[in-house]
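Numbering of the sequence shown is given in my numbering, commencing with residue 174 and proceeding in unit increments. Structure first, commentary second.
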Amino acid sequence: MAAEEAYADAGWAQRAPDDRPYVVLNMVLSADGHAARDGVSGGLSVDRADRTVFLALREQVDAVLAGTGTIAAEGYRRLIPQPERRAKRAAAGLAPDPLACILSRSGDLPDAPLLTDPEQPRAIYTGDDADPRAALADLRTRHGIRTLLCEGGPGLNRALLAAGVVDELLLTLSPLLVGGPGAPAVAGEPLPDANRLDILSMFDHLGTLFLRYRIRPSSGSLPADG
Ligand SMILES: NC(=O)c1ccc[n+]([C@@H]2O[C@H](COP(=O)([O-])OP(=O)(O)OC[C@H]3O[C@@H](n4cnc5c(N)ncnc54)[C@H](OP(=O)(O)O)[C@@H]3O)[C@@H](O)[C@H]2O)c1
């Protein structure tokens, strides 16, 4: 199987609840659990496969959400700059450009091309409107968003997981040890409860593991040993 097919036909749109989009969180981690190398996630890829999957995911969702820290660190631009990829989306019945979603309680928005490119549709929520549940409800009811891909980072992920609004975790485990103290992983701070995951699929591309998990709706602590 080619890397771009790792999550083809995932059927996310059909699973969208009425009050929010179906939310899929995609993250890459090193084998020792780090979410960035030299401050960016691209340093965790050993070949093109992770990037290929990352871009293929953007092609199949209504909207993409990224944290302001990530948008700044990674210099986010128009999500799908390639006309052929936008044409592929349109042929599949989607808007040519996915909606870029930005949440910022402070209103301190990053200086990145994603926020200024006139071709990029955006939904920006600031202040109290940046509450994850409220923003997701608005995206579903006002913008008609059924599928939302969250691209991190750990600070935003933690808020979404704690609010119980993440349906799936797509975890790419890179065959790298990068070391370093206290770097963030999937969620930046301890979660109120451990989220229980059910594995849906696994794909090995030359040692990079693509793991698809469903997040159980009601989170709970892991059972004690014995
Ligand atoms: N490995 C991967 O797959 C991956 C993916 C993405 C990013 N990264 C890496 O992760 C790092 C960035 O992550 P990060 O955790 O610093 O930043 P982040 O999660 O991208 O963004 C955090 C920001 O989101 C805003 N936000 C809005 N609502 C929030 C809420 N309810 N709770 C928390 N924050 C909220 C906050 O700004 P306000 O205070 O204005 O609300 C906060 O400063 C970078 O090094 C990036 O390369 C790795």
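Here a beta-carbon is modelled for each residue, glycine too, at the ideal position from N, C-alpha and C. From a predicted model like this one, the values you see are computed outputs, not experimental measurements.
Comparing alpha carbon positions, the residue from ALA176, MET375, LEU309 closest to ALA229 is ALA176. Within the model, the alpha-carbon separation for ASP235 versus GLY184 is close to 13 Å.
In the structure shown, THR289 adopts coil according to DSSP, grouped into three states. THR314 and ASP192 have their C-alpha atoms some 7 Å from each other.
Ranked by Cα distance from VAL219, the options HIS378, ARG389, LEU384 are led by HIS378. The C-alpha of GLY380 lies about 19 Å from the C-alpha of LEU373. With a cutoff of 7 Å, GLY325 counts as near ligand 1, since its C-beta is closer than that to a heavy atom of the ligand. Where ALA335 is concerned, the enclosing alpha helix (DSSP H) starts and stops at 327-335. The straight-line gap separating the alpha-carbon atoms of ALA204 and SER214 is approximately 13 Å. Taking 8 Å as the cut-off, the Cβ atoms of ARG251 and PRO283 do not count as close.
8 Å or more divides the Cβ of LEU334 from the Cβ of PRO194.
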